[in-house]
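**Student:** Below is the structure I would like to discuss, written out as structure tokens.
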Amino acid sequence: MKQIQPRSLFVASCLALLVTSLSFGIRAGILGQLGVQFHLSGQELAVITGTAFWGFPLAVVIGGFIVDAIGMKRLLVAAFVLHLLGIILTISTPYFSSGFWPLFISTLFIGMANGTVEAACNPLVATIFPDNKTTKLNHFHLWFPGGIVVGTLLVFFFNEIGLGWQLQVATMIIPTLIYGYLFLRLDFPVTERVAAGVSNKQMYRSIASPLFLFMFICMFGTAITELFTNQWIEILLKNVTTYGILILALTAGVQVLGRAVAGPIVHRMSPTGVLLGSAILSALGLYLMGSASGNMLFVAAIIFGMGITYFWPTMLGFVSENIPESGALGMNLMGGAGMFAVSIYTIFMGGFYDNIIAKNLPAGATLDAYRSAAAGSTEAAAFAQAQAVAGPEIINVTLVIPIILIVAFGGLFFYMRGRNKQQLQTANA
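If you're matching positions, the sequence shown starts at 1 in UniProt numbering and goes up one per residue.
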């Protein structure tokens, strides 16, 4: 007979998500270094970064369809193998003739590993904590910004003492080996949908419901607002402040604290109230980041961090609680939708970023010539000035997304309040 240990499973899940977030935090911190060392354009960096985001939905959607059949344990062993391969290949990049393809493939492996972790761990947490899903999903997902804090601070301090990016990436091997060992030795329950006896027909009908489709589309916006901005913040603000990487760490730190105290906030405000408040704060934070400078950027980072704190776990928790028949597939389709949207948006914005820089260079100048100009030269100074204009402009374009979410979540708030009131009246009749 299986001996299920919810606490140990939760700890191992948090470690797996820690590796996922370390990959985001460390890669965000070393992206500029990789671009310089391997002579990569903004477009190429965007393609590499975007690979993590489309590798994620590829794995999370496939995982969502097969997790009920093969079990959560097999998926998490696959995640462990993919994480290990991706980390080792990234470290080995300098030994290849081209830097682009090893970074592309290793990022794809890591993205698929990250998606596989989400595909298994979100339904696992919902299964082992059936009466407290949204709160425990917030507690689980605090390890995502937690890993970004650790990753970005590692990058900052390793750079300060002169340790290279390969050592920074290598730090991910330790938690990877630990979570792999834990999952190999632990027993797993079946998913909540399988335990409840919900049929495949019921599951597919639920993911075609108007409410699920609405949340599915909203996930595009919440994911882009949070993950695109966080992954690119060091590049976007590089020539506006010398502390771009610390702004990312501050934003993520706010997310950690917010998700740690999610229980009373979610219960007091309701998930829809939390989502509406999150959209308002995200929009305000992005507006300030795109227009402020100096110390006000840290204020903007705090406000933005408060805004994006509850987006991802509350979206998943809302679907799990209000459309329970969708099961693991519903949660994983939500995660896949978010990451897919980020991948497309990142690639598009990479080209847009290069175009803005080119427009702000002297007439007749070529982008590649100015990008590779020697430090201290007139060309290098002009390129830095163009970057300082391009970064905030990208942030201001992205600001449109949380503004749209304010309208969408405002409507959802009143819809759910009316539906819950009607259900209560029906129950009391």
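By construction, the Cβ of each residue, glycine as well, lies at the ideal position given by its N, Cα and C atoms.
Looking only at DSSP bridge pairs, what is I66 linked to?
**Tutor:** I66 is not bridged to any residue.
**Student:** CB-CB under 7 Å to E44, same chain, minus the five flanking residues each way: which ones, in chain order?
**Tutor:** F100
**Student:** Short check: CB of L405 to CB of F216, under 9 Å?
**Tutor:** It is not a contact, given that the beta carbons lie outside the stated cut-off.
**Student:** What is the rounded straight-line gap between the Cα of M331 and the Cα of L103?
**Tutor:** 29 Å
**Student:** Using a Cβ-Cβ cutoff of less than 6 Å, which residues in the same chain neighbour A12 once the five nearest sequence positions on both sides are dropped?
**Tutor:** Y179, L182 and F183
**Student:** Tell me whether the region 305-316 and the region 127-141 touch, counting them as touching only if at least three CB pairs, one residue from each stretch, are closer than 8 Å.
**Tutor:** yes
**Student:** For the region 358-366 against the region 82-93, are there 3 or more C-beta pairs whose distance is under 8 Å?
**Tutor:** No, because fewer than three Cβ pairs between the region 358-366 and the region 82-93 fall closer than 8 Å, the two stretches do not touch.
**Student:** Could you tell me whether the region 349-356 touches the region 316-327, using the rule of 3 or more Cβ pairs below 8 Å?
**Tutor:** no
**Student:** Between the alpha carbons of I48 and T107, how many angstroms are there, rounded?
**Tutor:** Rounded to the nearest whole angstrom, the CA to CA distance from I48 to T107 is 7 Å.
**Student:** Out of L399, D68, V155 and N355, which one is the CA nearest neighbour of T191?
**Tutor:** D68
**Student:** Beta-carbon separation of S291 and E226 under 9 Å?
**Tutor:** Contact flag unset, no.
**Student:** Determine the closest residue to A341 out of V19, A382 and A223, with distance taken between C-alpha atoms.
**Tutor:** A223
**Student:** Using the beta-carbon count (16 or more within 10 Å), is S23 buried or exposed?
**Tutor:** That one is buried.
**Student:** Can you tell me whether A375 is buried or exposed? The criterion is at least 16 other CB atoms within 10 Å of its CB, across all chains shown.
**Tutor:** Using a 10 angstroms sphere on the CB of A375, the tally of other CB atoms stays under 16, which defines it as exposed.
**Student:** Relative to the alpha-carbon of N360, which residue among W54, G391, T51 and L34 has its alpha-carbon at the smallest distance?
**Tutor:** G391
**Student:** Give every residue of the same chain whose Cβ lies closer than 7 Å to the Cβ of E325, excluding the five residues on either side of it in the sequence, and list them in chain order.
**Tutor:** In chain order, V198, Q202, M203 and S206 place their CB closer than 7 Å to the CB of E325, counting only its own chain and leaving out the 5 sequence neighbours on each side.
**Student:** Among the residues of its own chain, which have a CB less than 6 Å from the CB of L284, if the five just before and after it don't count?
**Tutor:** I303
**Student:** Less than 6 Å between C-beta atoms, sequence neighbours within five positions excluded: which residues of the same chain meet that for A389?
**Tutor:** Strictly speaking, residue 389 in this sequence is Val, with Ala absent from that position. Within the same chain, V389 has close Cβ partners N360.
**Student:** When you compare only the Cα positions, how much space is there between Y25 and Q423?
**Tutor:** Looking at the sequence itself, residue 25 is Gly, so the reference to Tyr does not match. Straight-line Cα distance between these residues: approximately 44 Å.
**Student:** Which same chain residues end up closer than 6 Å to Y345 when comparing Cβ atoms and leaving out the 5 residues on each side of it in sequence?
**Tutor:** I224 and F228
**Student:** Answer with buried or exposed for R419, where buried requires no fewer than 16 other C-beta atoms within 10 angstroms of its C-beta.
**Tutor:** exposed
**Student:** Determine, using beta carbons only, whether T19 and P123 come nearer to each other than 9 Å.
**Tutor:** Looking at the sequence itself, residue 19 is Val, so the reference to Thr does not match. Against a cut-off of 9 Å, the Cβ pair of P123 and V19 comes out as no contact.
**Student:** Rounded to whole angstroms, what is the Cα-Cα separation between I394 and R27?
**Tutor:** 20 Å
**Student:** Could you spell out where the alpha helix (DSSP H) holding S206 opens and where it closes?
**Tutor:** N200 to S206
**Student:** Using C-beta distances below 7 Å, list every residue in its chain close to A59, excluding the 5 sequence neighbours before and after it, in chain order.
**Tutor:** M112, G115, T116 and A119
**Student:** Jot down the residue ranges of each uninterrupted beta strand (DSSP E) in the region 312-361, minimum 3 residues, whole runs only, in chain order.
**Tutor:** If we require 3 residues or more, the region 312-361 turns out to have no beta strand (DSSP E) run fully inside it.
**Student:** Going by the CB atoms, is the gap between L76 and C14 shorter than 9 Å?
**Tutor:** no
**Student:** Looking only at its chain, what residues have a beta carbon closer than 6 Å to the beta carbon of L82, apart from the 5 residues adjacent to it on each side?
**Tutor:** F109, M112 and A113
**Student:** Should V286 and P402 be called a contact, given that it needs their Cβ atoms to be closer than 9 Å?
**Tutor:** It should be pointed out that residue 286 corresponds to Leu in this sequence rather than to Val. Closer than 9 Å, so yes.
**Student:** Fully enclosed by the region 99-138, which beta strand (DSSP E) runs are 3 residues long or longer?
**Tutor:** List check, beta strand (DSSP E) in window: nothing returned.
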